[in-house]
Amino acid sequence: MIAEDRIIVALDTPSSEVALGYVSTLMPGVSQFKVGLELFCSAGPGVIDEISDSGGRVFLDLKLHDIPNTVSGAGRALNDAGVWMTNLHASGGPEMMGAAREALPDTLLLAVTVLSSLDQEVLSEYLGIQASVEEAVSRWAHRAEMEGLDGVVCSPREIEAVRSVVGSDFLVVTPGIRPAWSEMGDHRRATSPGEALQRGADYLVIGRPITGAADPREAVRRVVNEIEGEDDEQ
Ligand code: C5P
Numbered sequence: 000m001i002a003e004d005r006i007i008v009a010l011d012t013p014s015s016e017v018a019l020g021y022v023s024t025l026m027p028g029v030s031q032f033k034v035g036l037e038l039f040c041s042a043g044p045g046v047i048d049e050i051s052d053s054g055g056r057v058f059l060d061l062k063l064h065d066i067p068n069t070v071s072g073a074g075r076a077l078n079d080a081g082v083w084m085t086n087l088h089a090s091g092g093p094e095m096m097g098a099a100r101e102a103l104p105d106t107l108l109l110a111v112t113v114l115s116s117l118d119q120e121v122l123s124e125y126l127g128i129q130a131s132v133e134e135a136v137s138r139w140a141h142r143a144e145m146e147g148l149d150g151v152v153c154s155p156r157e158i159e160a161v162r163s164v165v166g167s168d169f170l171v172v173t174p175g176i177r178p179a180w181s182e183m184g185d186h187r188r189a190t191s192p193g194e195a196l197q198r199g200a201d202y203l204v205i206g207r208p209i210t211g212a213a214d215p216r217e218a219v220r221r222v223v224n225e226i227e228g229e230d231d232e233q
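Residues in the sequence shown are numbered consecutively from 0, following numbering that gives the first Met the number 0.
And the structure:
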């Protein structure tokens with residue numbers, strides 16, 4: 000896979016006009032875009048068609064979590080909408096994951112394990128889960144694979160734990176990526192694109208370092224250079 004195809008650009012904006020502006024600026028160099036809750040709730044499902052009509056592929060990041068029957072119904076709609084990749088919470092349970100898998104035969108389906116905003120204290124004191132974050136992530140990733148899901152979304156620091164319990168073709172998609180030259184933003188700990196790939200990630204979700212750059216295409220070029228290990232002196 001070429002470096003550009005490892006990048007998924009997060010379109011974190013409420014405006015479909017702004018989102019489609021990024022799509023037309025970045026295509027065809029990058030053709031994978033993440034539509035999250037903000038854009039989906041503001042612009043509606045039509046934004047999926049608009050990105051697809053431009054030749055882009057959509058990772059719809061809705062993190063579904065409900066009873067199996069409801070998730071199954073949502074899954075059928077997303078499958079028909081031609082979404083390339085979508086996700087659900089592994090904490091919704093194996094039956095929910097299995098029902099979603101059946102409803103989404105043509106779409107890459109990922110499990111979200113432990114949200115990076117939840118720390119060990121919330122996990123044990125509030126959720127009553129006695130495992131460590133890493134153990135919970137590995138257990139849920141393993142179960143997601145057993146239920147036929149295609150991969151997980153996890154933080155760069157959990158990639159190795161996931162890789163140690165799943166097969167090599169199970170996808171690992173990771174946000175929290177910061178190229179060496181970019182601002183950390185609200186990430187307390189971030190990983191460079193090259194390091195995340197070395198640890199075993201398949202796809203990198205990158206938002207502000209690209210969408211917040213004065214020249215987003217140039218930002219992609221610099222990320223690609225970094226992935227390919229070329230010096231970037233600018
Ligand atoms: O701008 P930035 O590169 O930080 O964007 C990262 C994207 O990844 C955002 O859309 C954010 O919602 C998402 N994210 C995620 N899971 C996390 C952290 C960020 O899906 N644990």
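Virtual Cβ for every residue (Gly too), placed ideally from N, Cα, C.
Nothing here was measured: the structure is a model prediction, and the numbers come from that model.
Query	Result
The ligand C5P heavy atom lying under 6 angstroms from the CB of G193	no
8 angstroms CB neighbourhood of E225 in its chain, flanking five on each side removed	P178, A179, S191, P192, G193, D231
Integer-rounded CB distance, given that G74 should sit under 8 angstroms from A99	5 angstroms
Opposing strand residues paired with N86 [DSSP bridges]	L109
Chain-order list of residues whose beta-carbon lies under 6 angstroms from that of N78 (same chain, five-residue window excluded)	L103, D105, T106
Three-way DSSP call (helix, strand, coil) for L203 in this model	strand
For N86, the nearest candidate out of E3, L117, V34 (CA to CA)	V34
Any non-hydrogen atom of the ligand C5P closer than 6 angstroms to V151 Cβ	no
Secondary structure of A189, DSSP reduced to three states	coil
Buried or exposed (CB count within 10 angstroms, at least 16 for buried), Q233	Confidence is the limiting factor: at Q233 the pLDDT is only 47, short of 50, which leaves the residue's position unreliable, though a coordinate-based value still follows. Exposed, because fewer than 16 other Cβ atoms sit within 10 Å of the Cβ of Q233.
C-beta contact flag for S137 and A110 at 7 angstroms	no
I7 beta carbon near the ligand C5P (any heavy atom closer than 6 angstroms)	no
Burial state of L25 (16 or more Cβ within 10 Å)	buried
Contact test: I205 Cβ vs the ligand C5P heavy atom, cutoff 6 angstroms	yes
Bridge-paired residues (DSSP) for D60	G35
Simplified DSSP state of V164, which is helix, strand or coil	coil
S115 Cβ short of 6 angstroms to the ligand C5P heavy atom set	yes
Under the three-state DSSP convention, the category A80 falls into	coil
7 angstroms CB neighbourhood of E227 in its chain, flanking five on each side removed	A2
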